[in-house]
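Have a look at the structure below, then the notes.
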Amino acid sequence: MGEQKVTLAQNDKNLHQFIKNLIKDIQALEHMLDREMFENNIKRIGAEQEMCIVQKKNNKPALICMEVIEKLGTNCTWLETELAKFNLETNLTPRVFEQSCLSDMEGEIQDYLAQINTALQSFDAQIALTGILPTLQKFNLELDNLTPKVRYRALMDSIIDQSEGGNFELKLEGIDELHLRHSSPLIEAANTSFQVHLQVSQHEFVKMYNIAQAIAAPVLSIATNSPLVFGRRLWHESRIALFQQALDTRLTRNHMREKSPRVQFGKDWLNHSILELYKEDIARFRILMTADEEQDSLETLEQGITPKLKALQVHNSTVYRWNRACYGISDNGQPHLRIECRVLPAGPTPQDEVANAAFWLGLMIGIADQYDDIREELSFADVSDNFKKAAKFGIDTRFNWIGDRKISATKLIVKELLPIAKAGLKKQGVSDQDIDKYLGIIEARAKQHMTGARWLLRSFTSLKQGFSREEASVILTAQMIKNQNSGLPLHEWPPIHLSDYDSYKPSNLLVSEFMNTDFLTVYPGDLIDMVIQIMKWKDLEHLCVENKAGKLIGVITKSGILEALSKKKDPDQTMLVQDVMEENPTFIHSTSKLKEAFDIVQKQAYNFLPVVKEDELIGVLSKAEFQWITKRLIAGLDHQ
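Final position of the sequence shown in the working numbering is 650; the numbers increase by one with none missing.
Below, the structure written as structure tokens:
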């Protein structure tokens with residue numbers, strides 16, 4: 011959950027002192043490695059569970075994280091906030107990697123979720139486990155919804171300060187496309203994950219970290235659960251691209267100078283020690299935050315005390331490798347090293363999450379037992395390529411694998427990786443019951459060719475045949491939560507039935523949730539001849555007129571064109587849009603209530619309403635949208 015006692019550097023002196031402490035932390039870590047001071051004789055596992063809080067009435071984000079934590083009380087040390095007010099996170103207990111550790115982990119997750127859901131009842135809210143919440147809207151990710159904690163504000167302010175372009179852009183393509191600009195890096199909060207930790211000895215860290223890199227792609231491919239962003243069907247695991255782009259401060263330039271994003275997979279194998287990762291991240295990425303509490307790690311070591319390496323941990327928390335190196339101190343006072351797998355999404359259910367963890371953990375041990383050095387079996391270029399393809403295509407991916415083979419995700423997992431994972435878990439002394447249960451879930455998913463991403467994509471596409479994008483997102487989320495509460499693993503989830511539709515209250519809906527964002531516009535200098543053809547081809551009664559900056563400057567109507575043509579005296583006269591458009595048209599803001607839109611159009615001569623945000627034309631509500639909304643409301647009444 012990161013070091014909370016942090017702040018922005020107040021001045022150069024403060025920053026310079028932090029950098030000196032950071033250098034001392036590296037020196038202290040090197041000292042401890044040279045003297046083999048680490049806890050090397052035990053393996054432990056742990057995890058962090060992120061989740062979304064949603065309103066029961068409409069399954070949209072509930073901005074109440076601080077209220078929930080207050081209700082549960084200060085003794086609830088396992089619960090923490092996350093970036094956005096609609097997120098929470100739990101820290102699971104570190105446990106020895108053996109026997110019933112996996113089922114114990116699932117039991118702890120279920121217990122924590124039950125306690126949180128009980129607290130949420132008084133807020134008429136509930137938990138949703140998913141990589142990206144389907145009902146999430148762009149406006150939910152404005153800085154007003156940042157959790158009010160110093161660390162989060164410091165992080166956001168620092169990233170904004172270092173942004174070269176001043177804005178953050180998302181560009182993803184899948185079945186649909188998403189190209190948008192956002193004013194803050196809080197868009198990172200769209201991601202919710204299940205982060206798994208494995209404690210390893212200092213002697214095997216390099217080998218194990220490289221294995222984590224090699225298996226990230228196949229593990230991700232069977233665990234994908236985040237294909238929907240703002241109602242668009244994108245990558246099977248859109249978290250991967252969204253997270254990188256959300257914190258990408260780089261600016262597109264004319265010259266091909268390479269700069270690494272703070273969210274990254276890596277550029278090469280690890281060769282010597284964990285120090286390579288830390289030194290690379292310090293050298294490449296500027297300091298974003300400093301620690302309130304200073305500690306001289308070298309002096310602490312001389313006193314015979316294990317240093318916390320606070321400066322190093324603060325900086326490490328602002329560089330987001332998908333497999334992250336972690337330093338910690340065990341209860342016995344000894345330092346230890348962990349590998350944190352950050353590729354796994356939250357959900358679809360706790361047992362699915364633990365199944366994903368079991369697969370990853372089993373492969374970590376099994377691959378290490380089978381191959382002395384994974385670098386000799388795979389090129390890093392192939393490993394990196396595999397990871398990107400797994401994020402895009404999920405279970406439909408074809409991998410570049412050991413032996414220079416091309417192999418499908420399902421075949422690789424069922425025929426090769428599951429037996430290796432099973433052997434790895436057995437070597438660790440994990441119970442047969444746990445192995446059969448959790449790896450059985452992975453096998454069932456692979457054989458049924460079903461992941462969370464495929465279930466969500468199929469369901470959303472089906473719902474889109476009879477519902478608007480916004481309605482489909484709400485119904486999908488409602489059914490997803492219902493399935494989560496049923497106790498069934500993902501591969502046993504039934505298809506969505508349209509009878510699950512629940513009526514909407516238009517007074518509570520926003521214009522941005524129903525507006526059409528895929529619409530045609532014209533410029534004031536366009537020929538009327540072309541506009542007439544466009545309106546004829548597309549059967550349109552109205553078109554918005556915008557300038558090149560995207561600002562709404564008028565509306566042109568079929569009736570207006572006919573009237574202008576009837577008054578035209580010279581048949582050879584060139585007529586432009588600006589000659590016939592209606593200037594200063596009525597419009598509505600995207601954050602207005604839908605009821606306000608109905609009130610406006612009732613006073614208009616036509617059912618057409620441009621939607622703007624900060625003077626930019628971003629959508630329209632046309633006759634088609636109003637008919638659609640009315641139809642759905644009537645359908646909702648039939649279900650009451």
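Note that beta-carbon positions come from the ideal geometry of N, C-alpha and C, so glycine has one too.
So residue i and residue j are supposed to be a Cβ contact under 8 Å. How far apart are they, rounded?
i    : j    : result
V216 : L280 : 5 Å
G141 : R272 : Not really, about 20 Å apart at Cβ, beyond 8 Å.
L308 : A38  : 6 Å
L123 : P360 : 7 Å
V565 : M591 : 6 Å
N24  : T300 : 6 Å
Y288 : I36  : 6 Å
A256 : E304 : No, A256 and E304 are not in contact; Cβ-Cβ is about 31 Å, not under 8 Å.
A227 : N396 : 4 Å
G404 : T461 : 6 Å
G376 : G439 : Not really, about 14 Å apart at Cβ, beyond 8 Å.
Just the Cα atoms here: how many angstroms apart are residue i and residue j?
i    : j    : result
Y533 : E551 : 17 Å
K320 : L298 : 14 Å
L445 : V521 : In the sequence as displayed, the identity of residue 445 is Ile instead of Leu. The alpha-carbon atoms of I445 and V521 are separated by roughly 49 Å.
S173 : D22  : 20 Å
P595 : K181 : 31 Å
D278 : F390 : 6 Å
H282 : Q212 : 11 Å
I412 : T420 : 16 Å
K81  : A129 : 7 Å
G343 : E108 : 22 Å
V541 : F409 : 49 Å
E49  : L43  : 11 Å
K437 : D379 : 9 Å
S517 : K70  : Bear in mind that the predicted position of S517 carries a pLDDT of just 44, short of 50, making it unreliable; the figure below should be weighed with that in mind. Computed Cα separation, rounded: 15 Å.
Counting C-beta neighbours from all protein chains within 10 Å, is the total for residue i 16 or more, i.e. buried, or is it exposed?
i    : result
E481 : buried
G338 : buried
H346 : buried
W245 : buried
Q65  : buried
S496 : exposed
H325 : buried
K425 : exposed
G476 : exposed
L530 : exposed
H26  : exposed
R294 : exposed
R161 : buried
I119 : buried
D258 : buried
M218 : buried
V106 : exposed
Quick check: residue i and residue j, are their CB atoms within less than 9 Å of each other?
i    : j    : result
N31  : D306 : yes
N220 : P355 : no
K457 : L208 : no
I506 : A138 : no
I384 : V210 : no
I538 : I571 : yes
V393 : A224 : yes
F240 : L190 : yes
N333 : R352 : yes
R243 : L467 : yes
I170 : S194 : yes
A431 : L371 : yes
Q205 : E58  : yes
Q125 : C86  : yes
C75  : T202 : no
C621 : V630 : Going by the sequence as given, residue 621 is Val instead of Cys. Yes, Cβ-Cβ distance for V621 and V630 is below 9 Å.
I452 : I423 : yes
In this structure, does DSSP put residue i in helix, strand or coil?
i    : result
H325 : helix
L285 : helix
A222 : helix
V239 : strand
S203 : strand
Y514 : Because the pLDDT of Y514 is 43, which lies under 50, any placement of that residue in the model is unreliable, and the number read from its coordinates should be weighed accordingly. Coil.
W279 : coil
V64  : strand
C111 : helix
H1   : With the chain covering only 11 through 650, there is no way to say anything about residue 1.
R45  : coil
F178 : strand
Consider the Cβ of residue i: report whether some Cβ of chain C lies at a distance smaller than 9 Å.
i    : result
N333 : The structure shown has no chain C; it contains just one protein chain.
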